[in-house]
Structure formats: structure tokens, C-alpha cells
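Top line first, the protein sequences correspond to chains V and G.
Per our numbering, residue 1 is the first one in the first sequence, and the count goes up by one each step.
Per our numbering, residue 308 is the first one in the second sequence, and the count goes up by one each step.
Backbone N, C-alpha and C define an ideal beta-carbon position, used for all residues, glycine too.
Taking it in order: structure first as C-alpha cells, then the write-up.
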Amino acid sequence: MKTESQLEKVLRAGRFAVTAECGPPKGSNVEILKEKGKHLLGLIDAVNVTDNQTAIVRMSSVAACSILKGMGHEPILQMVTRDRNRIALQSDIFGAYALGIRNVLCLTGDHQTFGNQKEATGVFDLDSIQLLKTVKDMRDEEKIIGGESIQGPPRMFIGAAANPFADPVDWRVVRLAKKINAGADFIQTQCIFNMDRFEKFMNQAREMGLTEKAFILAGITPFKSVGMARYMAEKVAGMDIPEELVKRMAGTPKEKQAEEGIKIAVEFIQRFREIKGVAGIHLMAIEWEHKVPEILEKAGLVPAARN
Amino acid sequence: MIVATLKEIDEIRKMIDRYDSVLVVGCDSCVAECAAGGSRETMLLASALKLSYMKDHQNPTITEAVLDRQCVDDFIDQIANQVPDHEAILSLGCGAGVQALARVYRDKPVIPALNTLFIGETQSRGVWQENCLGCGNCKLGFFGAVCPVARCSKKLMNGPCGGSKGGRCEVHPEISCGWDLIIRRLDALGELDRLTEYVPPVDWSTSHSGGPRKVIREDQQP
Chain V
1 MKTESQLEKV LRAGRFAVTA ECGPPKGSNV EILKEKGKHL LGLIDAVNVT DNQTAIVRMS
61 SVAACSILKG MGHEPILQMV TRDRNRIALQ SDIFGAYALG IRNVLCLTGD HQTFGNQKEA
121 TGVFDLDSIQ LLKTVKDMRD EEKIIGGESI QGPPRMFIGA AANPFADPVD WRVVRLAKKI
181 NAGADFIQTQ CIFNMDRFEK FMNQAREMGL TEKAFILAGI TPFKSVGMAR YMAEKVAGMD
241 IPEELVKRMA GTPKEKQAEE GIKIAVEFIQ RFREIKGVAG IHLMAIEWEH KVPEILEKAG
301 LVPAARN
Chain G
308 MIVATLKEID EIRKMIDRYD SVLVVGCDSC VAECAAGGSR ETMLLASALK LSYMKDHQNP
368 TITEAVLDRQ CVDDFIDQIA NQVPDHEAIL SLGCGAGVQA LARVYRDKPV IPALNTLFIG
428 ETQSRGVWQE NCLGCGNCKL GFFGAVCPVA RCSKKLMNGP CGGSKGGRCE VHPEISCGWD
488 LIIRRLDALG ELDRLTEYVP PVDWSTSHSG GPRKVIREDQ QP
């Protein structure tokens with residue numbers, strides 16, 4: 001064990017891990033956050049707390065992690081390099097660890113032009129891979145960037161994201177390897193809708209020995225409606241949604257679409273469990289956290305079944 | 308070269324309406340190449356301003372002049388005779404030209420007519436592409452002569468990000484993904500191995516982050 005992370009414990013024990021995403025509110029309302037957190041409590045191994053996701057201003061990820069931790073959650077602090085320079089990033093890592101947060105997911109973040117502050121400066125002092133290496137050096141070398149030693153290293157379980165579907169396609173596994181070599185202990189992938197391409201990606205990862213070096217959690221997002229499927233296919237950066245899935249949603253009566261979306265998610269989760277090297281799933285039920293219990297139950301992934 | 312574009316007449320007028328005489332000064336270097344502030348554009352802007360004032364029944368003195376370079380004193384001195392006859396200077400130079408004129412003609416207001424955008428190249432007729440941010444620490448040799456700092460919207464040094472699709476950037480379909488260009492070019496050159504190494508955090512102290520920069524060379528001084 002490199003850390004005191006509960007997620008690391010689950011993964012190293014070889015249990016199929018379940019993480020889910022929880023987006024902080026656009027404001028300071030703690031009750032909204034707690035309400036979302038309540039639906040996930042006791043069902044998942046760790047909760048990802050997004051960092052101003054899609055460049056929309058929200059409650060800070062560190063604060064929301066701390067509140068969720070207080071409820072009994074195991075939070076994963078998502079950190080993007082878009083909004084903070086290396087001084088602020090390293091400082092927030094110290095602070096998050098001091099608050100009991102034991103997992104961090106290092107990201108670059110969606111470009112600021114996607115959000116509600118389009119006129120903002122994008123910082124991008126570091127990129128996600130440099131942030132990974134920075135947190136790893138803080139933990140393992142007990143040093144910050146530049147080599148100064150620190151008092152009390154943040155012993156974080158370090159994660160990175162991977163998108164098997166972005167271009168150039170051949171480059172995706174090379175980038176995954178770069179992230180793992182830079183310090184990623186676990187990987188959470190972008191939402192997967194194209195299973196064939198994901199299987200190819202996992203084959204390549206296995207051939208390169210990457211599944212031995214890091215735990216890969218497959219990302220899944222249930223569609224709430226055909227509108228959402230279409231929107232994600234057309235508007236969301238880095239998505240690969242096969243037309244047949246959109247058609248399947250479109251062919252379902254409106255009142256049954258949410259149910260069908262969950263059915264698709266459950267089918268995908270079952271297929272992920274068959275793929276060698278997939279250590280768990282990462283469920284991104286966007287503004288649909290209350291459906292997580294149902295999805296996990298239908299997928300046969302209630303905690304008792306995962307041991 | 309420095310690439311710039313002309314401001315709207317209304318915005319320029321808001322800045323110069325208070326003067327009765329304006330010397331409109333073009334620059335025949337970079338901003339001529341990008342068709343924003345050369346001789347032709349200076350003449351066109353002066354005419355447009357005269358027309359605009361005529362419509363409002365006003366008749367300020369508007370004189371044209373063009374310098375070979377607005378950022379070098381030897382050239383700036385060429386308008387020394389005309390400047391005293393005008394209340395203000397309207398510069399079609401880049402931001403450096405505007406500030407150089409203001410340094411030399413210290414008692415005259417100098418107003419910019421252009422928005423200075425970037426260091427770039429003329430990619431084809433009427434198309435100018437940003438390709439250098441002047442970071443002061445050129446690493447083009449490692450990236451197939453495509454700059455990740457200028458050409459990637461997120462300045463990624465270990466890219467590409469997850470938003471690269473079909474060679475296009477997630478920010479806008481008109482933007483080529485810089486990392487797609489880097490990978491293709493290094494692949495064609497048989498040098499893809501350059502990209503497997505981890506690139507450590509950039510030293511931005513040589514860029515504007517270190518404050519306004521200055522080059523001082525004694526061997527070039529009188």
C-alpha cells in the first residue's frame with residue numbers, strides 16, 4: 001500500500017471497484033451536495049468530486065470533498081490545471097491531504113470557452129501529466145517542483161483520466177503509458193459507448209503491460225433520454241457514440257427512455273466485467289446521482305456482491 | 308511577423324473625437340504584410356474617417372503619413388516635422404509601434420487604430436496563423452517545428468488532450484489540433500520517439516510571466 005486510501009485497499013485486494021461522480025452545486029448550498037452524497041453513501045468505493053466541470057463555476061472541489069468525507073464518503077479530489085498555477089495546485093494538494101482527502105485525479109480540464117466564464121484566462125501552467133508527476137514527487141520524494149523538501153508529504157493515491165476515443169487514435173495508449181509512467185496509480189476512462197474500440201484499447205494496454213502497473217476503471221454514463229444521447233454525440237468533446245445506440249434510444253417511447261438508458265448502462269457494465277484488466281467502473285450519472293443505487297443493483301454490483 | 312486587425316471606426320472615433328487635428332500614421336512592416344496598417348490601409352482609414360466626420364458635419368484635420376517601421380527611432384523621426392501641427396497621433400502600428408511613438412513624441416496623445424493579435428505567418432492569401440507566443444525558451448526542435456505552446460489551446464507539453472477529434476481542436480472546429488500536427492509531422496520525419504519522454508513543467512520565467520522583457524547587447528550599442 002502506497003497510501004491510506006480506501007480505494008487503493010479495494011483495488012489491491014482485487015475487488016471490482018465502483019466509483020461514481022458527484023458534481024458540487026453552483027453555489028454554497030451544502031444541503032444539495034449532501035443530498036446527492038446520500039444516494040451514493042455505502043454503495044460505492046469512492047466518490048469523484050468534479051473541479052468546475054466543463055468550466056462552469058461551482059463550489060470548490062476541495063471544500064465539497066471535505067463535506068462528503070464528513071458524511072462518511074471516500075472522496076477523489078478532481079484537480080484541473082486550467083484554473084490554478086503550480087503554486088495553487090501544490091498548495092491545494094497539501095490542504096486536501098490535511099483535510100483527510102486521500103485520492104486525487106489529475107486533469108487538464110475542459111477549455112474555459114466551454115463554460116460560463118468564456119472570457120477567463122486559461123492558466124495551463126502545468127499539464128495533467130506534469131501534475132501527476134508533481135503529486136507523485138510530493139508523495140514519494142517528499143519534494144515540491146524545484147526540489148525543495150516539504151513538511152509532511154501528502155500520501156495521495158493518484159489517478160489520471162484516459163480517453164480511448166480521441167484522436168489521433170494510435171496515440172491514446174502511448175498517452176496512457178505516459179500517464180502511468182508519470183505516476184498514475186489508477187485510471188478512470190472517459191464515458192465508453194463504443195465497446196469495440198474500448199476492447200482494442202484494453203488489448204493494447206495489456207500488451208504493453210499497463211494493466212499490471214495501474215488499475216483501470218471503465219467510465220460509464222447512462223443516457224436519460226435520446227436528447228441527451230444526441231447532445232453528447234454531437235456537442236461533447238471527445239465522445240464516440242455509435243449511431244446504433246442513439247437509434248436504440250430514439251426507438252424507445254419517451255416515457256421509457258430513462259429506463260432504456262439504464263438498461264444500456266447495465267449491459268455495458270456487464271461487458272466491462274468480462275474484459276481482462278478492467279479493475280472496476282466509474283459511473284458518471286450526470287445530475288442523476290439518485291439513479292446510481294438502481295443501476296448498481298441491476299448490474300449486480302451492490303457492495304455485498306463485489307467481494 | 309506581428310499580426311493585427313483594424314478596429315471599428317466607431318471605436319476609433321470614441322478615442323479621437325476630442326481632437327481637431329489628427330496625424331494618421333501607418334507602418335509599412337508587419338502590419339502592412341497582414342493588410343492592417345500599411346500605406347494602403349492608412350489611406351483607406353484616413354478617407355473613412357473624413358467621410359464619417361463629414362456625415363456628422365465636422366471637419367477635423369486628418370493627415371496621413373507612413374513610416375517604414377514604427378518601432379525604430381530612426382524611422383519615427385521622419386514625422387518629426389508633421390507631429391507639432393496635430394493634436395494627436397492615430398497609429399496603425401502594432402502595440403509596440405504605438406508605445407514607441409508615445410515615447411518619442413511625449414507631449415502627444417497616441418491612439419491605437421489596430422488590435423495587435425499575435426506573432427504569426429501568412430499561411431495563404433488572406434490567412435494569417437498564430438504560431439509563436441514568444442515564450443523565450445524555444446523547444447520547436449523537439450516538436451517537429453510545430454509549437455505546443457502556441458498551437459495547442461491548452462499549451463499542453465505532453466499532449467494531445469482528449470478533445471482532439473479528426474485533427475481539430477475541441478475549442479473550435481476551425482482550429483487545427485496542434486498536437487495532431489506535431490504527431491503527424493514527427494511521424495513523417497521518423498522521429499516519433501521524441502514524444503515518449505516526459506516533458507517537465509515549462510520554465511515560464513523567460514516568458515511574460517517574468518515581467519516585461521528586455522534584450523540588452525553591449526556589442527550592438529554605440
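> Starting from Gly-473 of chain G and walking both ways along the beta strand (DSSP E), at which residues does that stretch end?
Replying inline: By one-based count along the second sequence, residue 473 of chain G stands at place 166. No beta strand (DSSP E) contains Gly-473 of chain G, which DSSP labels as neither H nor E.
> So what does DSSP say about Leu-217 of chain V, is it helix, strand or coil?
Replying inline: By 1-based counting over the first sequence, the position of residue 217 of chain V is 217. Three-state result, Leu-217 of chain V: strand.
>> Please state the DSSP three-state secondary structure of Thr-19 of chain V.
In response: Translated into positions along the first sequence, residue 19 of chain V becomes position 19. Three-state result, Thr-19 of chain V: strand.
> Does any residue of chain G bring its CB to less than 8 Å from the CB of Gly-14 of chain V?
Replying inline: Translated into positions along the first sequence, residue 14 of chain V becomes position 14. No, Gly-14 of chain V does not count as interfacial toward chain G.
> Measuring CB to CB, does Asp-125 of chain V end up less than 8 Å from Arg-86 of chain V?
Replying inline: Counting from one through the first sequence, the residue named residue 125 of chain V turns up at place 125. Counting from one through the first sequence, the residue named residue 86 of chain V turns up at place 86. Result yes, Cβ atoms of Asp-125 of chain V and Arg-86 of chain V sit closer than 8 Å.
>> What residue range does the beta strand (DSSP E) around Cys-334 of chain G cover?
In response: Within the second sequence, the letter at position 27 stands for residue 334 of chain G. Residues 328-334.
> Per DSSP, what kind of secondary structure is Ile-383 of chain G in: helix, strand or coil?
Replying inline: Along the second sequence, read from residue 1 onward, the residue named residue 383 of chain G stands at position 76. It is helical.
> Taking C-beta to C-beta, are Ile-383 of chain G and Leu-330 of chain G nearer than 8 Å?
Replying inline: Here the question's residue 383 of chain G lines up with position 76 in the second sequence. Here the question's residue 330 of chain G lines up with position 23 in the second sequence. No.
> Got a sec? Which residues, its chain only, sit under 7 Å from Ala-233 of chain V by beta carbon, not counting five neighbours each side?
Replying inline: Mapped onto the first sequence, residue 233 of chain V falls at position 233. So the qualifying residues of the chain are Met-239, Ile-241 and Val-246.
>> Assuming contact is defined by CB atoms lying nearer than 8 Å, are Leu-40 of chain V and Gly-72 of chain V in contact in what I supplied?
In response: Numbered from 1 along the first sequence, position 40 holds the residue referred to as residue 40 of chain V. Numbered from 1 along the first sequence, position 72 holds the residue referred to as residue 72 of chain V. No, the Cβ-Cβ distance between Leu-40 of chain V and Gly-72 of chain V is not below 8 Å.
> Excluding sequence positions up to five away, which residues of its chain have a Cβ less than 6 Å from the Cβ of Lys-298 of chain V?
Replying inline: To locate residue 298 of chain V, count along the first sequence from 1; it is residue 298. Result list for Lys-298 of chain V: Val-266, in chain order.
> Expressed to the nearest angstrom, what Euclidean distance is found between the alpha-carbon atoms of Ala-177 of chain V and Leu-210 of chain V?
Replying inline: Counting from 1 along the first sequence, the entry for residue 177 of chain V is found at position 177. Counting from 1 along the first sequence, the entry for residue 210 of chain V is found at position 210. Answer to the nearest angstrom: the Cα atoms are 7 Å apart.
>> Just to confirm before moving on: does the CB-CB distance between Ala-166 of chain V and Ile-129 of chain V stay below 8 Å?
In response: Walking along the first sequence from the start, residue 166 of chain V turns up at place 166. Walking along the first sequence from the start, residue 129 of chain V turns up at place 129. It is not a contact, given that the beta carbons lie outside the stated cut-off.
> Looking only at C-alpha atoms, which of V:Ala-258, V:Glu-212 and V:Thr-113 sits nearest to Met-228 of chain V?
Replying inline: Along the first sequence, read from residue 1 onward, the residue named residue 228 of chain V stands at position 228. If we check each option's Cα against that of Met-228 of chain V, V:Ala-258 comes out closest.
> So, Phe-16 of chain V versus Arg-273 of chain V, is the Cβ gap smaller than 8 Å?
Replying inline: Along the first sequence, read from residue 1 onward, the residue named residue 16 of chain V stands at position 16. Along the first sequence, read from residue 1 onward, the residue named residue 273 of chain V stands at position 273. Yes; because the gap between Cβ atoms is below 8 Å, this pair is in contact.
> Residue range of the alpha helix (DSSP H) that Cys-439 of chain G falls in?
Replying inline: Walking along the second sequence from the start, residue 439 of chain G turns up at place 132. Note, Cys-439 of chain G: premise wrong, no alpha helix (DSSP H); beta strand (DSSP E) at 434-439.
>> Taking DSSP's pairing of strands, which residues face Thr-349 of chain G in a bridge?
In response: Translated into positions along the second sequence, residue 349 of chain G becomes position 42. DSSP output for Thr-349 of chain G lists no bridge partner at all.
>> According to DSSP, is Gly-402 of chain G part of a helix, a strand, or is it coil?
In response: Indexing the second sequence from 1 puts residue 402 of chain G at position 95. Reduced to three states, the DSSP call for Gly-402 of chain G is helix.
> How do the segment 287-294 of chain V and the segment 35-54 of chain V stand: do at least 3 beta-carbon pairs fall below 8 Å, yes or no?
Replying inline: yes
>> Which residues of the segment 468-492 of chain G have a Cβ closer than 9 Å to any Cβ of chain V? Give them in chain order.
In response: Cys-468, Gly-469, Gly-470, Ser-471, Lys-472, Gly-473, Gly-474, Arg-475, Cys-476, Glu-477, Val-478, His-479, Cys-484, Trp-486, Asp-487, Ile-490 and Arg-491
> Taking just the CA atoms, how far does Gln-112 of chain V sit from Ala-120 of chain V?
Replying inline: Locating residue 120 of chain V in the first sequence gives position 120, counting from the first residue. Locating residue 112 of chain V in the first sequence gives position 112, counting from the first residue. About 7 Å.
>> For Pro-75 of chain V and Ala-46 of chain V, which I take to be in contact (beta-carbon distance under 8 Å), what is that distance rounded to the nearest angstrom?
In response: Reading the first sequence from its first residue, position 75 is the one you call residue 75 of chain V. Reading the first sequence from its first residue, position 46 is the one you call residue 46 of chain V. Between Ala-46 of chain V and Pro-75 of chain V the Cβ distance is about 7 Å, and since that is below 8 Å, they are a contact.
> Would you call the segment 427-440 of chain G and the segment 97-108 of chain V touching, i.e. three or more CB-CB distances under 8 Å?
Replying inline: no
> DSSP beta-bridge partners for Asn-48 of chain V?
Replying inline: Along the first sequence, one-based indexing puts residue 48 of chain V at 48. Partner(s): V:Glu-21 and V:Ile-76.
> Ordered along the chain, which non-local residues of its own chain (more than five positions away) have a Cβ less than 6 Å from that of Ile-295 of chain V?
Replying inline: Against the first sequence, residue 295 of chain V aligns to sequence position 295. Closer than 6 Å at Cβ, skipping near neighbours: Ile-262 and Ala-265.
> Around the C-beta of Cys-378 of chain G, are 16 or more other C-beta atoms found within 10 angstroms, so that it is buried, or is it exposed?
Replying inline: Locating residue 378 of chain G in the second sequence gives position 71, counting from the first residue. Buried is the call here.
>> Excluding the 5 residues flanking Asp-487 of chain G on each side, which residues of the same chain have their C-beta closer than 6 Å to its C-beta?
In response: Residue 487 of chain G sits at position 180 when you count from the first residue of the second sequence. Ser-471 and Gly-474, listed in sequence order.
> Since Lys-521 of chain G meets chain V, which of its residues come closer than 7 Å, beta carbon to beta carbon?
Replying inline: Here residue 521 of chain G corresponds to residue number 214 of the second sequence, with the count starting at 1. Result: empty, since nearest Cβ-Cβ is about 23 Å, beyond 7 Å.
> What is the DSSP secondary structure of Gly-280 of chain V, counted as helix, strand or coil?
Replying inline: Numbered from its first residue, the first sequence carries residue 280 of chain V at position 280. Three-state DSSP puts Gly-280 of chain V in a strand.
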